[in-house]
Every structure is written in structure tokens, then in C-alpha cells.
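Colleague: Top to bottom, those sequences are chains C and R.
Quick note: the first sequence, position 116, residue 116 per my numbering, numbers continuous.
Quick note: the second sequence, position 90, residue 90 per my numbering, numbers continuous.
Glycine included, each C-beta is placed from N, C-alpha and C at the ideal position.
If you scroll down you'll find the structure; I have some questions about it.
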Amino acid sequence: MSNIKKFLYVNRKAPYGTIYALESLEVVLIGAAFDQDVSLAFLDDGVFQLTKGQDTGAIGVKNFSPTFRALGDYDVTKLFVERESLEERGLSEGDLQEIVYEDEDDDWAEKPSIKIVSRAEMADIMSGQDVVLSF
Amino acid sequence: MSTLHTVNKSPFTNGALLSCLKHCKPGDAVLLIEDGVYGALAGSSVAGAVSDSLEDVTLYVLGGDASARGLDDGKVLSGAKTVGYDGFVDLVVDHARTQAWL
Numbered sequence: 001m002s003n004i005k006k007f008l009y010v011n012r013k014a015p016y017g018t019i020y021a022l023e024s025l026e027v028v029l030i031g032a033a034f035d036q037d038v039s040l041a042f043l044d045d046g047v048f049q050l051t052k053g054q055d056t057g058a059i060g061v062k063n064f065s066p067t068f069r070a071l072g073d074y075d076v077t078k079l080f081v082e083r084e085s086l087e088e089r090g091l092s093e094g095d096l097q098e099i100v101y102e103d104e105d106d107d108w109a110e111k112p113s114i115k116i117v118s119r120a121e122m123a124d125i126m127s128g129q130d131v132v133l134s135f
Numbered sequence: 001m002s003t004l005h006t007v008n009k010s011p012f013t014n015g016a017l018l019s020c021l022k023h024c025k026p027g028d029a030v031l032l033i034e035d036g037v038y039g040a041l042a043g044s045s046v047a048g049a050v051s052d053s054l055e056d057v058t059l060y061v062l063g064g065d066a067s068a069r070g071l072d073d074g075k076v077l078s079g080a081k082t083v084g085y086d087g088f089v090d091l092v093v094d095h096a097r098t099q100a101w102l
């Protein structure tokens with residue numbers, strides 16, 4: 001279908017200090033109903049949204065990090081994480097939670113949704129979109 | 001086709017402008033709005049990085065936001081172009097996409 005557009009959700013903020021990260025995830029889930037070509041970008045403090053071991057019990061807000069693992073069920077399977085942003089924060093791919101999707105074109109094989117990309121690759125991804133939504 | 005990037009935060013409290021400049025492609029435009037206009041201050045600690053990016057990127061400042069903050073042309077980097085709200089609309093129309101750096 002020709003009216004499918006490429007949507008990129010850009011996440012640049014840490015998860016609990018502001019409402020941006022949770023709102024982004026809400027919009028992604030709502031937007032998934034529209035059958036568009038969706039990608040998510042995580043850079044700068046946005047990479048903190050995907051870290052393992054988040055426990056918000058003591059601060060009285062919802063830990064929404066497990067929700068990222070449900071995105072595959074909504075056909076949101078492209079989560080691009082910027083390598084330079086991880087490195088600046090002393091993080092590596094092993095510090096991120098594992099997020100997978102089942103590929104219906106490959107006998108429902110489980111595949112990783114997170115792809116680590118360089119800053120230059122991230123710039124290319126951004127410039128290839130029809131619509132960019134920033135959070 | 002190229003991208004219009006908007007930045008609305010001061011570069012002295014927020015990394016949005018520098019991150020934006022690192023993700024621009026040649027031919028892109030960056031429009032500074034609201035507190036983002038401080039990014040066009042001549043002689044500031046980020047002026048060097050901003051000036052270096054002017055080789056590949058065109059820098060615009062929203063005139064009303066600059067005037068409100070007392071940034072007249074003499075305080076703004078020489079490579080920056082001032083636009084009004086009508087120019088803002090033209091920039092949006094003339095680029096394939098607009099990306100906000102919040």
C-alpha cells in the first residue's frame with residue numbers, strides 16, 4: 001500500500017525525571033494501530049529507558065520498562081540505539097534489556113528488536129523518514 | 001531531501017543543540033527558537049562548535065525570540081540568518097521533514 005509512511009519516534013530523555021519517555025511509549029502503542037512503518041531511536045539520555053534492572057517501587061511511579069518487550073506484538077520491531085550515547089554513559093549493549101519479536105516471515109523465529117548503530121548511521125536513519133516525532 | 005531541525009533549549013543547560021548538530025546531514029537547516037536562540041550568541045562557549053557546523057548546515061534564528069531576549073544582530077554569530085514567523089513557515093514547507101530537539 002502506497003500510503004504507508006516511515007515514522008520515527010526519537011527518544012532523548014531518561015525515563016522517570018520527566019513524563020516524556022512514558023508519553024512516547026504511549027504514543028507508539030497508539031500509533032501502532034495505524035499500520036505504518038515505525039522505528040524508535042534512542043540517543044543521549046534516551047538510552048537509559050532501555051536499561052535492565054529498573055525498580056521504581058520506592059518512587060511511586062510505574063516501571064514502564066517491561067512494556068518495551070511488548071512492542072513486538074504490535075509490529076514495532078526496530079529499536080535503534082546509538083552506540084556513542086551508550087559509551088558516553090559507560091554503558092554497553094549488555095546493560096540493556098533483551099527485546100525480541102517473532103518474525104512471521106521466518107516461521108515466527110525470535111529475533112532481536114534492538115540494533116546498536118553509530119551516530120552517523122543514526123543521522124542516516126533520521127534523514128530517511130517521512131515523519132519524525134520527538135520526545 | 002533535507003531536514004529542518006528546531007532547537008528550543010539554551011545550549012548552556014541542555015545538550016539538545018550539540019546533539020542536533022552532530023546528527024545533521026549536509027544541506028540541513030537548524031532553526032533556533034525560544035531559549036534555543038542563545039545558541040547563536042557570538043563569543044560563547046558553544047560558538048566554536050556552532051560556527052564549525054555552518055560549513056554544512058544553515059543556521060536560522062527566530063527574530064522575535066532573539067529580540068525578546070535582547071539578542072540584536074551584533075550579539076549573534078555572523079553566519080546566522082534571522083527569520084520571522086513567516087520565514088519559519090517557509091522553512092517548514094521547503095524541507096522534507098521537521099525534527100524537533102526538545
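Would the region 66–85 of chain R count as touching the region 107–120 of chain C if we require 3 or more Cβ pairs under 8 Å?
Modeller: The region 66–85 of chain R, when compared against the region 107–120 of chain C, does not touch it at the 8 Å Cβ threshold.
Colleague: In this structure, what does DSSP give as the bridge partners for residue 101(C)?
Modeller: On the first sequence, residue 101(C) is found 101 positions in, with the first residue counted as 1. 111(C).
Colleague: My understanding is that residue 62(R) touches residue 50(R), with C-beta atoms under 8 Å, so please give their C-beta distance in whole angstroms.
Modeller: As a working mapping, residue 62(R) is identified with position 62 in the second sequence. As a working mapping, residue 50(R) is identified with position 50 in the second sequence. Not confirmed; about 16 Å, so no contact.
Colleague: Just the Cα atoms here: how many angstroms apart are residue 50(C) and residue 72(C)?
Modeller: Locating residue 50(C) in the first sequence gives position 50, where the first residue counts as 1. Locating residue 72(C) in the first sequence gives position 72, where the first residue counts as 1. Each residue's Cα considered, the two are about 15 Å apart.
Colleague: Along the chain, where does the beta strand (DSSP E) that runs through residue 20(C) open and close?
Modeller: Along the first sequence, read from residue 1 onward, the residue named residue 20(C) stands at position 20. Not the beta strand (DSSP E): residue 20(C) falls in the alpha helix (DSSP H), residues 20–31.
Colleague: How should residue 7(R) be labelled, buried or exposed, when 16 other C-beta atoms within 10 angstroms of its C-beta is the threshold for buried?
Modeller: What you label residue 7(R) is simply residue 7 of the second sequence in a count that begins at 1. Buried, by the Cβ-count rule.
Colleague: Going along chain R in order, which residues have a C-beta closer than 9 Å to the C-beta of residue 132(C)?
Modeller: The residue given as residue 132(C) occupies position 132 in the first sequence. 3, 97, 98, 99, 100, listed in chain order.
Colleague: What three-state label does DSSP hand residue 89(C) in the structure shown?
Modeller: The sequence position of residue 89(C) within the first sequence is 89, counting from 1. Of the three classes helix, strand and coil, the one that applies to residue 89(C) here is coil, per DSSP.
Colleague: Quick one: does residue 39(R) have its CB under 8 Å from some CB of chain C?
Modeller: Position 39 of the second sequence, counting from 1, holds the residue named residue 39(R). Closer than 8 Å: no.
Colleague: Using a Cβ cut-off of 7 Å, pull out every chain R residue sitting near residue 127(C), in sequence order please.
Modeller: Residue 127(C) sits at position 127 when you count from the first residue of the first sequence. Going along chain R in sequence order, the residues near residue 127(C) (Cβ under 7 Å) are 3, 25.
Colleague: In its own chain, which residues sit with a C-beta less than 7 Å from the C-beta of residue 37(R), not counting the 5 before and 5 after it?
Modeller: The residue labelled residue 37(R) in the question sits at position 37 within the second sequence. If we look at residue 37(R) and ignore the five residues flanking it on each side, its Cβ neighbours are 61, 62, 65, 66, 69, 71.
Colleague: Give me the residue from 31(R), 3(R), 26(R), 14(R) with the minimum Cα distance to residue 82(R).
Modeller: Your numbering for residue 82(R) matches position 82 in the second sequence. The shortest C-alpha separation from residue 82(R) is found at 31(R).
Colleague: If you follow the beta strand (DSSP E) that residue 119(C) is in, where does it begin and where does it stop?
Modeller: Numbered from 1 along the first sequence, position 119 holds the residue referred to as residue 119(C). It is not in any beta strand (DSSP E) - residue 119(C) instead sits in the alpha helix (DSSP H) that spans 119–127.
Colleague: Identify which residue in 16(C), 68(C), 88(C) has its Cα closest to the Cα of residue 59(C).
Modeller: Position 59 of the first sequence, counted from the first residue, corresponds to residue 59(C). Comparing Cα positions, the closest option is 16(C).
Colleague: Listing by chain order, which chain R residues have their CB less than 8 Å from the CB of residue 119(C)?
Modeller: As a position in the first sequence, residue 119(C) is number 119, starting the count at 1. 22, 23, listed in chain order.
Colleague: Quick one: Cα of residue 33(C) to Cα of residue 28(R), how far?
Modeller: The sequence position of residue 33(C) within the first sequence is 33, counting from 1. The sequence position of residue 28(R) within the second sequence is 28, counting from 1. When rounded, the distance between both Cα atoms is 32 Å.
Colleague: Helix, strand or coil: which one does DSSP assign to residue 13(C)?
Modeller: The residue labelled residue 13(C) in the question sits at position 13 within the first sequence. Three-state result, residue 13(C): coil.
Colleague: Mapping DSSP to helix, strand and coil, what is residue 92(R)?
Modeller: As a working mapping, residue 92(R) is identified with position 92 in the second sequence. In this structure, residue 92(R) counts as helix in the three-state DSSP scheme.
Colleague: Roughly how many angstroms separate the alpha carbons of residue 5(R) and residue 66(C), rounded to a whole number?
Modeller: Here residue 5(R) refers to the residue found at position 5 of the second sequence. Here residue 66(C) refers to the residue found at position 66 of the first sequence. Rounded to the nearest angstrom, the two C-alpha atoms are 31 Å apart.
Colleague: Taking residue 123(C) as the query, report the chain R residues whose CB atoms sit under 9 Å from its CB, ordered along the chain.
Modeller: For the purposes of this step, residue 123(C) is taken as residue 123 along the first sequence, with counting starting at 1. Near residue 123(C) (Cβ distances below 9 Å), the residues of chain R are 22, 23, 24, 25.
Colleague: Between the C-alpha atoms of residue 187(C) and residue 42(C), what's the straight-line distance to the nearest angstrom?
Modeller: For residue 187(C) there is no data in the structure shown, the boundaries of chain C being 1 and 135.
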